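Residue numbers (the numbering used here), protein chains in the order written: chain A, 1404 to 1927; chain B, 9 to 172; chain C, 227 to 266.
Using N, Cα and C, we set each Cβ at its ideal position, and we do this for glycine too.
Remember, it's a predicted structure, so these values are computed and weren't measured experimentally.
Structure record follows, encoded as structure tokens.
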Amino acid sequence: MNATVLAFLVLYYVVVLGIGVWTMRRRETDDLEGYLLGGREVGPLVTALTLQSTSMSGYMFLGAGSLAYTTGYWSLWFAAGDIGGGVLNLSIIGRRMRKLSQMMGALTSIEYLEARYPSPLTRLIAASLSVFLLAFYALAQFIAGGKGMALVTGLDYEWALLIALAIITTYTLLGGYLAVAYTDFFQSLIMLVGVVWILGAALVHVGGLTAANHTLAEIDPTILSIWGTGLGFEGQWGVVAGAVLVFSAGYMGWPHVVTRHMAMKRPATARLAGAYATVWNLLFVSAPYLVGILAILILPNLDDPELAIFAVAHTLLPSAVTGIVMAAIMAAIMSTADSLLLQTGSIASRDLYERFINPRASEQQILRVSRACVLVIGIIGYLVALVEPPAVAFVVIFATSVLGSAFAPAFISAVWWKKANTPGAIVSMVAGAATSVFWELAGLAVTTTLAPVTAGLAASTVAIVVVSLATQRSSPVPAHILAAMEETARVGPIPETLMATSDFALRPEAEEVESMLRDTEEET
Amino acid sequence: MTSDAVAIAGCLTSAQAEGVIASTSGEWTSRARRRIYYPYFWFHLRYATRTLLGKSSVRLSCLVDTRTGLASTADPFDVERLDPNAGALMEPRLAEDDALRIAHRHGAYVVRNGRKALSVPEVTVLERCQVYKPFWIVDGTKRRASTFRVLVDGLTGRFHVLRR
Amino acid sequence: MFGLPQSTFLLVLGFPLFWILYTIAFLLLTKHWENDGDEP
């Protein structure tokens, strides 16, 4: 590794730390943060950037690049779904879930699931699945962080991994040493510039996309095929469907993504977020895959395809820029890892420990469980990443497939189908998770040409429909939930526009006023 | 008791409340029948987290609905003395201590998630008070025969249809 | 186009186009969301 690169890398972290110090020292006029924490938006651009920076992760920089490098244009099937994941999620679940979760007073997506499908089993299953699979996703970030650190410092993978993990866990355990809002914004800007620069430089280097494709065709025409290098996936629509589904429908299974819907203060934000998500994704989802494909030409003999994007940056960009961009990428990976670990700790402590083991737990105890969880995952993750690191792409796709299969039908039905009941949801989650895991482990994707996520989603969808209908009489959906879902009941004749613009955020107050009015009217 | 009560200032007039409903209901006639005051507890809390670079604090304003126990963060507002003739006061159902606990928890959750911090923030209550929010109940009538009823938020003009 | 086989070209352009249209439709159909609630 070049001294200039390293120098600028260090400089980057110094600047970021500086921003952190500066914002910390601004005593109680912590305007931006308090504002954001209080849920107020600072402006569409900052909001959009802070929202998107959490999607920059190991998958984007290592996984996608390596998929593209090894399978060519076939990898774009994953991008095909991913581009729309954000807006799909927002449009299908967004507002309705906010409505329902607000009425039920749920703070997290898992609490919400239990509120909608009342049963301790719901929480237990949802929380356990989430913890397990989020840990997997975190593992992917560890591997990415380790490899990136190795590349950047020139150290052996074992040491680099240890350092990366140490930084990640310290960051998580000591927590909040950087004012998240400002640094997220700064980092997003850097990565925006960086990714565009890398892609631009790569295109210039190969003489443009058309020329590049012609050259690729000469090397191996199947690189350009939608069935992948060597036409390995020819005719396998089930696998292709899986690739499209995993990052579109699959997103609806990620607890931290879904919880974000609940946190949105105004549905208007959701609309704007949807628009930004699509615009952002159009460029940034496709870019890593394209760079990976072009890397076939630029660096034809890479030892480790996962480092394709890093290597292209290193080859084509001026050292200073490489240093800064790689630092930003590393920071993004570690920040994603940190978020995941926090999520896992939070779910383990609140949805498992506090809910089932110690309902009177103090904040201190809850924190201790969170930290213990982070440590355990860190250690196990380190060992796995050290001994037998799976490919980043594989881990992320697997985790997303299982989560999506398990939760997407439950979340969608929660707001769209009044007959979806507790037994239906429980069986659906189990069926989805079990099917997708089994499909993967038994290698059934090869024999059936159906991807695990396709099979998993099919299983969970069938399960929720069949079981809900079969148990409607024995386990009807509780009245208060139905009431929350059907706002229009017993309203009387009402102008449509009035109904459409009725503010659901006032629902709890409205219910109270309704009952008070009913009581007073009974008296008179 | 009611002479000490305060409400969030800036309530819409009855005419304005009627106007809000009239504008979206076409040929129906709107009448603002009565005003009610909905009880909340308001807490201004400071959350201080210890970080590597010193103590960092954030201030949050939290409103707790004293009938449903739901908490939310709030923008700053002014208060004014409540005139008991101006509308009926709804009874709070939550004791202040319970409301504070709810506010603490909500704020801590918000701070921890926003800050990505695995530490218990120190909470200080800077200010607290029981405060009422004014709402209008507006009826809509059409040719005498049919009516609907709407709850209008006296501060924002947002409304929610009421069921009978 | 772009030196790509037709099917690949459809993939590369088709899905992005689909999502752009989807997003536009979403924005158009949810105009009434603008009136929905702020926190109290």
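When Cβ atoms are compared, which residues of the segment 1850–1877 of chain A fall closer than 7 angstroms to chain C?
Going along the segment 1850–1877 of chain A in chain order, one finds no residue with a Cβ nearer than 7 angstroms to chain C.
I need the straight-line Cα distance from I246 of chain C to A1823 of chain A, nearest angstrom please.
Approximately 32 angstroms between the Cα atoms of the pair.
Beta-carbon of S31 of chain B versus every beta-carbon of chain D: anything under 7 angstroms?
Any reference to chain D falls outside this structure, whose protein chains are A, B and C.
Which residues, in order along the segment 98–112 of chain B, keep a beta-carbon less than 7 angstroms from a beta-carbon of chain A?
Within the segment 98–112 of chain B, the residues whose Cβ lies closer than 7 angstroms to some Cβ of chain A are M98, listed in chain order.
Which residues share a DSSP beta bridge with H1355 of chain A?
No statement about residue 1355 of chain A is possible, as the shown extent of chain A runs from 1404 to 1927 and does not include it.
Answer with buried or exposed for K63 of chain B, where buried requires no fewer than 16 other C-beta atoms within 10 angstroms of its C-beta.
Exposed, because fewer than 16 other Cβ atoms sit within 10 Å of the Cβ of K63 of chain B.
Among residues of its own chain, excluding the 5 on either side of A25 of chain B, which ones have a beta-carbon nearer than 6 angstroms to its beta-carbon?
Excluding sequence neighbours, A25 of chain B sits near A40, W144, V146, V160.
Given this structure, state the Cα-to-Cα distance separating S1752 of chain A from T249 of chain C, to the nearest angstrom.
Cα to Cα, the separation comes out at about 37 angstroms.
Rounding to the nearest angstrom, what Cα-Cα distance links V1795 of chain A and P1691 of chain A in this structure?
If I take the Cα positions, the gap works out to 14 angstroms.
For the alpha helix (DSSP H) that contains Q1746 of chain A, what are its first and last residues?
That run of the alpha helix (DSSP H) goes 1722–1749.
Assign K1821 of chain A to one of three DSSP states: helix, strand, or coil.
Note: K1821 of chain A maps to coil in three-state DSSP.
Can you tell me the Cα-Cα spacing of D1433 of chain A and V66 of chain B, whole angstroms?
Per-residue confidence for D1433 of chain A stands at a pLDDT of 48, beneath the threshold of 50, marking its modelled position as unreliable; no derived number is given.
Tell me the DSSP secondary structure of T132 of chain B in three-state form.
Strand at T132 of chain B.
Can you tell me whether DSSP reads Q1767 of chain A as helix, strand or coil?
Helix at Q1767 of chain A.
When the Cβ atoms of the segment 1596–1604 of chain A are set against those of the segment 1735–1747 of chain A, are three or more pairs found closer than 8 angstroms?
Contact fails: fewer than three Cβ-Cβ distances are below 8 angstroms.
Rounded to the nearest angstrom, how far is the Cβ of G1859 of chain A from that of V1805 of chain A, given a contact under 8 angstroms?
That belief holds up - the Cβ atoms of G1859 of chain A and V1805 of chain A are roughly 7 angstroms apart, short of 8 angstroms.
The alpha helix (DSSP H) with S233 of chain C in it runs from where to where?
232–255 is the span of the alpha helix (DSSP H), which, as asked, contains S233 of chain C.
Following the continuous beta strand (DSSP E) through D1707 of chain A, name the residue where it begins and the one where it ends.
Here D1707 of chain A belongs to no beta strand (DSSP E), and DSSP marks it neither H nor E.
Check whether the Cβ atoms of I1546 of chain A and A1854 of chain A sit closer than 7 angstroms, and answer yes or no.
Going by C-beta atoms, I1546 of chain A is not nearer than 7 angstroms to A1854 of chain A.
Rounded to a whole number of angstroms, what is the C-alpha to C-alpha distance between L1568 of chain A and G1551 of chain A?
Distance between the alpha carbons of L1568 of chain A and G1551 of chain A is about 12 angstroms.
In the DSSP assignment, find the unbroken beta strand (DSSP E) run with H168 of chain B in it and report its ends.
167–170 is the extent of the beta strand (DSSP E) around H168 of chain B.
Short check: CB of V131 of chain B to CB of L68 of chain B, under 7 angstroms?
For V131 of chain B and L68 of chain B, no; Cβs fall outside 7 angstroms.
Do A79 of chain B and H114 of chain B have their C-beta atoms closer together than 7 angstroms?
Cβ distance < 7 angstroms, so A79 of chain B and H114 of chain B count as in contact.
Contact defined as beta carbons within less than 8 angstroms: I believe L1554 of chain A pairs with F1713 of chain A. What is the distance between those atoms, to the nearest angstrom?
L1554 of chain A to F1713 of chain A, Cβ: 5 angstroms. Contact.
Can you tell me whether DSSP reads A1538 of chain A as helix, strand or coil?
It is helical.
To which residues does DSSP link K150 of chain B through a beta bridge?
K150 of chain B is bridged to B:S154.
Just verifying my parser: in three-state terms, what is the DSSP assignment at C137 of chain B?
Note: C137 of chain B maps to strand in three-state DSSP.
Taking Cβ positions, are A1711 of chain A and S1469 of chain A nearer each other than 7 angstroms?
It is a contact, given that the beta carbons lie within the stated cut-off.
Any C-beta of chain A sitting closer than 7 angstroms to the C-beta of H52 of chain B?
It does not; no Cβ of chain A falls within 7 angstroms.
Pick out whichever of A:A1678, A:G1610, A:V1869 has its Cα sitting closest to the Cα of S1831 of chain A.
Among A:A1678, A:G1610, A:V1869, the Cα nearest to that of S1831 of chain A is on A:V1869.
Could you spell out where the beta strand (DSSP E) holding E88 of chain B opens and where it closes?
It spans 87–89 - the beta strand (DSSP E) in which E88 of chain B sits, taken as one unbroken run.
Do we get a CB-CB distance below 7 angstroms when we pair L243 of chain C with the residues of chain A?
False, the Cβ-Cβ gap to chain A never drops below 7 angstroms.
Taking 7 angstroms as the threshold (beta carbon to beta carbon), is P1911 of chain A in contact with chain B?
Answer yes: the Cβ-Cβ gap between P1911 of chain A and chain B drops below 7 angstroms somewhere.
Go ahead and pull the three-state DSSP assignment for W1630 of chain A.
It is coil, neither helix nor strand.
Which residues of chain A have a Cβ atom closer than 8 angstroms to the Cβ of L253 of chain C, listed in chain order?
Neighbours of L253 of chain C on chain A, chain order: R1674, G1677, A1678.
Compare the beta carbon distance of L1697 of chain A and A1605 of chain A with 7 angstroms and say whether it is the shorter of the two.
Contact flag set, yes.
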